[in-house]
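First the structure, in the form of structure tokens, and then the observations on it.
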Amino acid sequence: MGRYVIRRLLQMIPVFIGTTLLIFLMVYALPGDPVRGLFGDKGASPEVLQNLRHEYGLDKPILVQYFDYMKGIVLHFDFGNQIASGRPVTEILGDAFPVTLRLAGLAFAIEAALGIILGLVSGMRAGKTADTLILILTLLLISVPVFVLGLILQTVVTNAGGAPSVSDDTDIGQMLMPAIVLASASLAYVARLTRTSVAENMRSDFMRTAIAKGLPRRRVVGVHLMRNSLIPVVTFLGTDLGALMGGAIVTERIFNIKGVGGTIADAITRREGTTLVGLVTILVLVYLVTSLIVDLLYAVLDPRIRYA
Amino acid sequence: MTIIDQTASVPGPSDGGADAPLLEVRDLHVEFHTRDGVVRAVNGVNYSVSAGETLAVLGESGSGKSVTAQAIMGILDMPPAKIPQGEILFRGQDMLRMAADERRKLRGAKIAMIFQDALSSLNPVLSVGYQLGEMFRVHQGLSKKEAKARSIELMDRVKIPAAAARVNDYPHQFSGGMRQRIMIAMALALEPDLIIADEPTTALDVTVQAQVMDLLAELQREYHMGLILITHDLGVVADVADKIAVMYAGRIVEQAPVHELYKRPAHPYTRGLLDSIPRLDQKGQELYAIQGLPPNLLRTPSGCAFNPRCPKAQDICRTDTPPLFEVTEPDGSALPGRRSACHFWKETIHG
Chain A
1 MGRYVIRRLL QMIPVFIGTT LLIFLMVYAL PGDPVRGLFG DKGASPEVLQ NLRHEYGLDK
61 PILVQYFDYM KGIVLHFDFG NQIASGRPVT EILGDAFPVT LRLAGLAFAI EAALGIILGL
121 VSGMRAGKTA DTLILILTLL LISVPVFVLG LILQTVVTNA GGAPSVSDDT DIGQMLMPAI
181 VLASASLAYV ARLTRTSVAE NMRSDFMRTA IAKGLPRRRV VGVHLMRNSL IPVVTFLGTD
241 LGALMGGAIV TERIFNIKGV GGTIADAITR REGTTLVGLV TILVLVYLVT SLIVDLLYAV
301 LDPRIRYA
Chain B
1 MTIIDQTASV PGPSDGGADA PLLEVRDLHV EFHTRDGVVR AVNGVNYSVS AGETLAVLGE
61 SGSGKSVTAQ AIMGILDMPP AKIPQGEILF RGQDMLRMAA DERRKLRGAK IAMIFQDALS
121 SLNPVLSVGY QLGEMFRVHQ GLSKKEAKAR SIELMDRVKI PAAAARVNDY PHQFSGGMRQ
181 RIMIAMALAL EPDLIIADEP TTALDVTVQA QVMDLLAELQ REYHMGLILI THDLGVVADV
241 ADKIAVMYAG RIVEQAPVHE LYKRPAHPYT RGLLDSIPRL DQKGQELYAI QGLPPNLLRT
301 PSGCAFNPRC PKAQDICRTD TPPLFEVTEP DGSALPGRRS ACHFWKETIH G
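These protein sequence lines map, in sequence, to chains A and B.
Going by UniProt numbering, 21 is the number at position 21 of the first sequence; the sequence numbering is gapless.
Going by UniProt numbering, 344 is the number at position 344 of the second sequence; the sequence numbering is gapless.
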């Protein structure tokens, strides 16, 4: 186990370098100039622009820029500064991340709880009316795009006298609506995954044994069925948690939430390479760590999987 | 040892009495409702087991032997299965009319079952100690710690080496024979009155088969349990069974004390089964096989279900379903416990 974790951590290094380099190059390839962008339509004298470029190191070759940037991260945990405000990227992310974390946490809870319950009901009644209804519902949730669902829900809530957007992102009540929108598609996937797994395990021999042992139904379902059926679901939930933490650009825009997604979107429109790279780099790290945790959890859930 | 008490005075619900059988199956019918029609898997089966007695139920795949056992155990999936008529009396009480919770409490505690494939029948993600301990925790309300201690005792009991060290291992970490021992230990946990073993050795190799059967027989003697042994292996049966019921197409076609059946079968199907055992002294000769295939239970042949495959079939076999005749000696003296569902049982048994 320990050796496996070390190997996985070492594997993260090339993945980390690869992703950041890719992002760096892509941002470089984007049209536009962050320094010129600072002055808007007014423009500035070439000397001023040149000085600023030199200050931010933007006049060096791209690979040198990348190397300097990585050096900053590794040596000083410095992810660079946002050009527009001059604040460090870590600080900006520090503002946006808690908001996203609340939204993601809420969405994740809804997705996991509702998805598993729907999947369980559906799988245990495979082929019956309840199963069919849940399948139709999940199909609907998967096929409707997030912005459509978001706008519909927003309209419905506004007509009912609710607030159209989030004004206080620490208020769970206000965050509930965007969380439901964000959770909807994943919820459908969780439900389907659970259903398949439950329906398969329902027919298994060990379920028959559990009943033959005279265990109460609660225990047969809660321990023997769920413990086996949740293994694939946990994998999906884990990767999805990583994705949720990366922010939800569309949902955050619709409900005016200032989370990671919105910050990234702003950075893209302002052509701020360093900000964008800094944000995405941190998110890559978050994603790598969650996927490692999921893989380790997988071994805990299924003893047949052993990491050497 | 009597096989079936035909006059069947209904015993009192609680006492059970000394002579009353532990388990009595009366006229049990099980059918499966499928898209293609109704499959009559069990058609009026009667048998009984007393404490300390071993009944072997013999038959091909699809003869209804496992379905009967699952009906007794109450683990049939209903629907599609249905029990339109019949009684399953355990100590005089009809289990089919019991409340679900009352019946659940009997399962595992009073009647336990050993399944064929221990690898798939044990839960792969729970340790064997947990699965064994569950019996004590659920039925006797023991704590986790006590249950674990009892699990180790049990594993010792079924001769699993280093039980204390292996109690936290998972089913896939054991060999086939050891896994089957764990299944046996689980069935034995609460010292039930009756154990149903559904082909307990089929998935094992021959040397391990003998060990597992010996263990089962030994434990049965020690705890004085009734045992229903479902198998299609005639070799296994001869060693451990007291009496045999041969099933074909959902019916019992012959019942007999074990050695009588081997000596003088009273049904052509049983004779066919015995003749198809390979024998060393007939090396080089062609092995006998019963012609044809087991019947499709959606369309059971009219008359005796065995008639299309029977070498002795006459016209009456195609029209009349034979009842389970009492089998007697040629002079009319009774052969206790012997029955045959063949119109020509006399010719079959007495040549």
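Built from N, CA and C at the ideal position, the CB exists for glycine as well.
Since residue i and residue j should fall inside the 8 angstroms C-beta cutoff, what is the C-beta to C-beta distance between them, to a whole number of angstroms?
{"i": "A:ALA113", "j": "A:LEU244", "result": "In fact, because the Cβ distance is near 15 angstroms, the residues do not count as touching under 8 angstroms."}
{"i": "A:VAL5", "j": "A:GLU111", "result": "Going by Cβ atoms, the distance from A:VAL5 to A:GLU111 rounds to 27 angstroms, so no, they are not a contact pair."}
{"i": "B:GLY226", "j": "B:GLY52", "result": "7 angstroms"}
{"i": "B:ILE111", "j": "B:ALA197", "result": "That pair is no contact at about 12 angstroms."}
{"i": "A:PRO164", "j": "A:THR158", "result": "5 angstroms"}
{"i": "A:GLY262", "j": "A:ARG253", "result": "7 angstroms"}
{"i": "B:VAL167", "j": "B:LYS148", "result": "6 angstroms"}
{"i": "A:GLY242", "j": "A:VAL286", "result": "7 angstroms"}
{"i": "A:GLY246", "j": "A:LEU283", "result": "5 angstroms"}
In the DSSP assignment, find the beta strand (DSSP E) that holds residue i and state where it starts and stops.
{"i": "B:ASN43", "result": "37-49"}
{"i": "B:ASP27", "result": "23-34"}
{"i": "A:PRO98", "result": "No beta strand (DSSP E) holds A:PRO98; the alpha helix (DSSP H) holding it covers 89-124."}
{"i": "B:LEU55", "result": "54-58"}
{"i": "B:GLN255", "result": "251-257"}
{"i": "B:PHE325", "result": "325-328"}
{"i": "A:ARG208", "result": "From DSSP, A:ARG208 is part of no beta strand (DSSP E) but of the alpha helix (DSSP H) over 205-212."}
{"i": "A:PHE77", "result": "Premise fails: A:PHE77 is in no beta strand (DSSP E) and is neither H nor E."}
{"i": "B:PHE136", "result": "Premise fails: B:PHE136 lies in the alpha helix (DSSP H), 128-139, not in any beta strand (DSSP E)."}
Taking Cβ positions, are residue i and residue j nearer each other than 8 angstroms?
{"i": "B:HIS29", "j": "B:VAL49", "result": "no"}
{"i": "B:LEU132", "j": "B:LEU154", "result": "yes"}
{"i": "A:ALA188", "j": "A:LEU141", "result": "yes"}
{"i": "A:GLY214", "j": "B:ARG104", "result": "yes"}
{"i": "A:ARG227", "j": "B:VAL125", "result": "yes"}
{"i": "A:LEU63", "j": "A:LEU106", "result": "no"}
{"i": "B:LEU293", "j": "B:GLY250", "result": "no"}
{"i": "A:LEU149", "j": "A:SER184", "result": "yes"}
{"i": "B:PRO265", "j": "B:THR348", "result": "yes"}
{"i": "B:TYR262", "j": "B:ASP275", "result": "no"}
{"i": "B:THR54", "j": "B:ALA210", "result": "no"}
{"i": "residue 360 of chain A", "j": "A:THR274", "result": "Within the shown structure, residues of chain A are numbered from 1 to 308, placing residue 360 of chain A beyond reach of any answer."}
{"i": "B:ASP320", "j": "B:GLY303", "result": "yes"}
{"i": "A:LEU301", "j": "A:VAL234", "result": "yes"}
{"i": "B:ALA341", "j": "B:PRO311", "result": "no"}
{"i": "B:ILE230", "j": "B:GLU199", "result": "yes"}
{"i": "B:PHE306", "j": "B:TYR269", "result": "yes"}
{"i": "A:THR100", "j": "A:VAL260", "result": "yes"}
{"i": "A:LEU288", "j": "A:VAL89", "result": "no"}
{"i": "A:VAL277", "j": "A:PHE67", "result": "no"}
{"i": "B:VAL237", "j": "B:ALA56", "result": "yes"}
{"i": "B:VAL212", "j": "B:LEU219", "result": "no"}
{"i": "B:ILE72", "j": "B:ILE88", "result": "yes"}
{"i": "B:LEU234", "j": "B:LEU194", "result": "no"}
{"i": "B:VAL258", "j": "B:HIS267", "result": "no"}
{"i": "B:LEU119", "j": "B:ARG179", "result": "yes"}
So residue i is in the alpha helix (DSSP H); what residue range does that whole segment cover?
{"i": "B:LYS105", "result": "100-106"}
{"i": "B:SER120", "result": "118-121"}
{"i": "A:SER184", "result": "172-202"}
{"i": "A:PHE16", "result": "2-29"}
{"i": "B:GLY177", "result": "176-188"}
{"i": "B:LYS144", "result": "144-157"}
{"i": "B:GLY337", "result": "Per DSSP, B:GLY337 belongs to no alpha helix (DSSP H); it is in the beta strand (DSSP E), 334-340."}
At a CB-CB cut-off below 8 angstroms, which residues of chain A make contact with residue i?
{"i": "B:HIS139", "result": "GLY214"}
{"i": "B:SER120", "result": "SER204, ASP205 and PHE206"}
{"i": "B:ASN123", "result": "PHE206, THR209, ALA210, HIS224, ARG227 and ASN228"}
{"i": "B:ASP117", "result": "ASP205"}
{"i": "residue 377 of chain B", "result": "For chain B, the structure presents residues 1 to 351; residue 377 of chain B sits outside this window and is missing."}
{"i": "B:LYS105", "result": "GLY214"}
Name the chain A residues whose beta carbon is nearer than 7 angstroms to that of residue i?
{"i": "B:HIS172", "result": "ARG304"}
{"i": "B:MET113", "result": "ALA212"}
{"i": "B:MET73", "result": "ALA212"}
Would you mind telling me which residues of chain B sit closer than 8 angstroms to residue i, beta carbon to beta carbon, in chain order?
{"i": "A:LEU301", "result": "VAL125"}
Along chain D, which residues have their Cβ under 9 angstroms away from the Cβ of residue i?
{"i": "A:ARG219", "result": "The chain inventory of the structure shown lacks chain D, comprising the protein chains A and B."}
Who are the neighbours of residue i on chain A, taking C-beta pairs under 9 angstroms?
{"i": "B:MET155", "result": "Under the 9 angstroms cutoff, chain A gives no residues; its nearest Cβ is about 16 angstroms from B:MET155."}
{"i": "B:MET186", "result": "THR209 and LYS213"}
Cβ pair count under 8 angstroms reaching 3, the segment 191-204 of chain A against the segment 112-132 of chain A: yes
Meets three-Cβ-pair contact criterion under 8 angstroms: the segment 157-164 of chain B and the segment 175-191 of chain B: yes
Given 8 angstroms, three or more beta-carbon pairs between the segment 29-39 of chain B and the segment 57-71 of chain B: yes
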